[in-house]
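Colleague: Here you go, one structure.
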Amino acid sequence: MYTEMILDYYKFPRNFGTLEKADIKSRDTNPLCGDEIEFQINLDENKKVKEVKYSGKGCAISQAAASMLTELMQGKTVDELKKISKGDIYDLLGITLSPVRVKCALLGLKVMKIGVYTYLSEEIKLDEDEK
Amino acid sequence: MDVDAIREDFPILKKRVHGKKLVYLDNAATTQKPKQVIEAIKEFYSDYNANVQRGVYEISEKATELYEGGRESVAKFINATSSKEIIFVRNATEAINLVANAWAKKNIGKDDEIIISIMEHHSNFVPWQQLAIENNAKIKVVGVDPEGHFKFDEYESLLSDKTKLVAITHVSNVLGTITPVKEIVKKAHEKGAMTLVDGAQSVPHIPVDVQQIGCDFLAFSGHKMLAPTGIGILYGKKEILEKMDPFLKGGDMIKEVHLDSTRWNELPWKFEAGTPNIEGGITMKVAIDYLNRIGMPNIREHEKKLTKYALDAFANTKGIDVYGPRNVEEKGGVVSFNVQQIHPHDLASILDEEGIAIRSGHHCAQPLMENLGLVAASRASFYLYNKEEEIDILINSLKKARKVFRLE
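Protein chains in written order, with my numbering: chain A, 1 to 131; chain B, 132 to 539.
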């Protein structure tokens, strides 16, 4: 489960940090392990992702998945961000997860979606696993 | 104490997980069940399943007799003066909630104080926190020293005429710290305060005598001492229980019901509304008989040996932080630790692949974790069937985890 790639993203996270000013900002925790992730996103004039940073602390799975997600988000419109699914995250990680660890993997996705839906002032729609 | 013979009684210990022998080191969460307990559950449902206290027919009378026999057995096990002092509930959490609702709500008021310790499990923390909010009372928290010992001086300084309740764990589920409950109770009583001991991690592992401790209430769970889940115990001094109103209302807990009034049943049934966990009550005796046959002092010695072995092994392994007292005389069979630079959840996943079951997370003790400056920790906890070679397997797997994370 701890592939070279996951460990690489864990130890050398891409897009880790914070933005000076962000259009979208959201944060949540996994009550099971206390993992926490914050997403900060800046959009360009076409409502496409210009910059995205994540920060937080937690296990290799939650942190690597969040980092991989930030790369997937580049250049996407907010509507496209809403369409990123848990399947996309599993594809990025490339491993099979036990039900408990699924929560770790999907924490970043959940936080990103909370931010996007809040930005759009829409009711948040999450998959069962992302709740 | 013949551990190999004991292991023969636990069918699950022969199971394999991910192709590896199960190494079960999460006994502070719940313990495995011996075949004697499993058989007794089967026997109840196969031979004499009936509701208790009511039926005037043979199998109901037998079920009632054995259910009440479970209560007698619990009373003797903790040296209560009478089985009337043993209330069957779902678990230690419900036992504490019973006291919070049926005693504390009425007796703890504005500006009164409740003393707890920073080591409390959420079950002995949240009920008091919420009661304090509702009744405008105050919570005072006794801290621990850097090694995790209960700060007795601080406790004495917090005690005052305003103290109405002292609710303290006997053994910390994270640090393993054994608290001086007898002295804690004595000091509380000098101030006229009521005392509750959370015995969830002590009653299954060390000899506990309520008369010697002198506490007013003791709460613990059956499933942490070989019995099934869903049966817990509240011990309370008879004279206190008698003055308390019921917690839940309904069937079984009444003596007479009229259209406009009800007379409560006698102790202990006053606190047991509705059909109880009959198999749980019955098998409490089977579990206790099992523990008594091995001998509680022997179980304690065995766990001390395992804990010392584990502490020494951790000390000799690179990159591991251990929390809690180092002296096994002051510690139950619980060792919490972190492998540096590996999150406990990642560690637990790697250990799972090796067939090892340990706990990772905040252990339902977030105030303590915050106090220790930790988000999460791993915990190995032992019982009568664990062996030193299982600790060897754990240590080897920790080394393996360090390799997976490229730390060696």
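Here a beta-carbon is modelled for each residue, glycine too, at the ideal position from N, C-alpha and C.
What do you get for VAL230 (chain B), buried or exposed, if any count of 16 or more other CB atoms within 10 angstroms of its CB means buried?
Modeller: buried
Colleague: Taking the straight line between their C-alpha atoms, what separation do you get for ILE362 (chain B) and ALA206 (chain B)?
Modeller: For ILE362 (chain B) and ALA206 (chain B), the gap between their C-alpha atoms comes out near 15 Å.
Colleague: Return no unless some Cβ of chain A is closer than 8 Å to the Cβ of ARG537 (chain B).
Modeller: yes
Colleague: Quick check on this structure: which residue in B:GLU139, B:VAL134 and B:SER303 has the alpha carbon closest to the alpha carbon of GLN497 (chain B)?
Modeller: If you compare the alpha carbons of B:GLU139, B:VAL134 and B:SER303 with that of GLN497 (chain B), the shortest gap goes to B:SER303.
Colleague: Is it the case that the Cβ atoms of LYS355 (chain B) and PRO335 (chain B) are separated by a distance below 8 Å?
Modeller: yes
Colleague: Between B:GLU174, B:ARG147 and B:HIS280, which has its C-alpha nearest GLU484 (chain B)'s C-alpha?
Modeller: Closest option to GLU484 (chain B), Cα to Cα, is B:ARG147.
Colleague: Whole-angstrom Cβ separation of ALA337 (chain B) and ARG431 (chain B), contact assumed at under 8 Å?
Modeller: Position check: residue 337 (chain B) holds Ile in this sequence, whereas Ala was assumed. About 5 Å separates the two Cβ atoms, so the contact holds.
Colleague: Would DSSP call ILE37 (chain A) helix, strand or coil?
Modeller: strand
Colleague: Taking buried to mean at least 16 other C-beta atoms within 10 Å of its own C-beta, is TYR2 (chain A) buried or exposed?
Modeller: buried
Colleague: Considering only residues of the region 152-230 of chain B, which uninterrupted beta strand (DSSP E) runs meet the minimum length of 3 residues and lie entirely inside it, listed in chain order?
Modeller: 217-220
Colleague: Provide the residue(s) that pair with ASN42 (chain A) in DSSP beta bridges, ordered along the chain.
Modeller: DSSP, once it has assigned bridges, lists A:GLU51 as partnering ASN42 (chain A).
Colleague: In terms of residue numbering, what span does the beta strand (DSSP E) encompassing SER333 (chain B) cover?
Modeller: For SER333 (chain B), no beta strand (DSSP E) encloses it, and the DSSP letter there is neither H nor E.
Colleague: For chain B, is any of its Cβ atoms less than 8 Å away from the one on MET1 (chain A)?
Modeller: yes
Colleague: Is the Cβ-Cβ distance between THR360 (chain B) and ALA171 (chain B) less than 8 Å?
Modeller: no
Colleague: Report the neighbours of LEU32 (chain A) on chain E: residues whose CB is nearer than 7 Å to its CB, in chain order.
Modeller: The structure shown has no chain E; the protein chains it does contain are A and B.
Colleague: Shorter than 8 Å from the beta carbon of ARG101 (chain A) to some beta carbon of chain B?
Modeller: yes
Colleague: What did DSSP end up calling ILE239 (chain B) once you bin it into helix, strand or coil?
Modeller: coil
Colleague: By the three-class DSSP mapping on this structure, what secondary structure does THR294 (chain B) have?
Modeller: strand
Colleague: Starting from the beta carbon of LYS57 (chain A), find every residue of chain B whose beta carbon is closer than 9 Å, and list them in chain order.
Modeller: Here the neighbours are HIS474 and VAL506.
Colleague: Once you ignore the five residues that flank ASN429 (chain B) on each side, which residues in its own chain have a CB closer than 6 Å to its CB?
Modeller: Cβ neighbours of ASN429 (chain B) beyond the five flanking positions: MET132.
Colleague: Verify whether the separation of the beta carbon atoms of ASP140 (chain B) and SER512 (chain B) is less than 8 Å.
Modeller: no
Colleague: Do the region 77-91 of chain A and the region 28-39 of chain A meet, that is, are 3 or more Cβ pairs less than 8 Å apart?
Modeller: no
Colleague: Does the pairing of the region 503-512 of chain B with the region 85-94 of chain A give three or more beta-carbon distances under 8 Å?
Modeller: Below 8 Å, too few C-beta pairs join the region 503-512 of chain B and the region 85-94 of chain A to call them touching: fewer than three.
Colleague: Suppose the cutoff is 7 Å on Cβ atoms and the five residues either side in sequence are ignored; what does the same chain contact list for LYS380 (chain B) look like?
Modeller: ALA404
Colleague: How many Å lie between LEU43 (chain A) and ASP88 (chain A) at the Cα?
Modeller: 22 Å
Colleague: Tell me the rounded alpha-carbon separation between ASN210 (chain B) and ALA350 (chain B).
Modeller: 14 Å
Colleague: By DSSP's criteria, GLU244 (chain B) is part of a beta bridge. Which residues make up the other side?
Modeller: B:LYS269 and B:THR294
Colleague: Put ASP23 (chain A) into one of helix, strand or coil per three-state DSSP.
Modeller: Looking at ASP23 (chain A) - three-state DSSP - the assignment turns out to be coil, as it is neither helix nor strand.
Colleague: Using a Cβ cut-off of 8 Å (strictly closer), state whether ASP477 (chain B) contacts chain A.
Modeller: So yes, ASP477 (chain B) belongs to the interface.
Colleague: Would you call the region 438-446 of chain B and the region 520-528 of chain B in contact, with 3 or more CB pairs under 8 Å?
Modeller: yes
Colleague: State the start and end residues of the unbroken alpha helix (DSSP H) segment that holds GLU485 (chain B).
Modeller: Where GLU485 (chain B) is concerned, there is no enclosing alpha helix (DSSP H), given that its DSSP letter is neither H nor E.
Colleague: Report yes or no: do the region 9-27 of chain A and the region 44-57 of chain A share at least 3 C-beta pairs separated by less than 8 Å?
Modeller: yes
Colleague: Only counting the same chain, and skipping five residues up and downstream in sequence, which positions put a Cβ closer than 6 Å to that of GLY87 (chain B)?
Modeller: Because residue 87 (chain B) is not part of the residues shown, which for chain B are 132 to 539, the question remains open.
Colleague: From which residue to which residue does the beta strand (DSSP E) around TYR366 (chain B) run?
Modeller: 363-367
Colleague: To the nearest whole angstrom, what separates the beta carbons of ALA60 (chain A) and ASP243 (chain B), a pair I think is in contact under 8 Å?
Modeller: That pair is no contact at about 47 Å.
Colleague: Quick one: Cα of GLU199 (chain B) to Cα of VAL339 (chain B), how far?
Modeller: In this structure, the alpha-carbon of GLU199 (chain B) lies about 21 Å from that of VAL339 (chain B).
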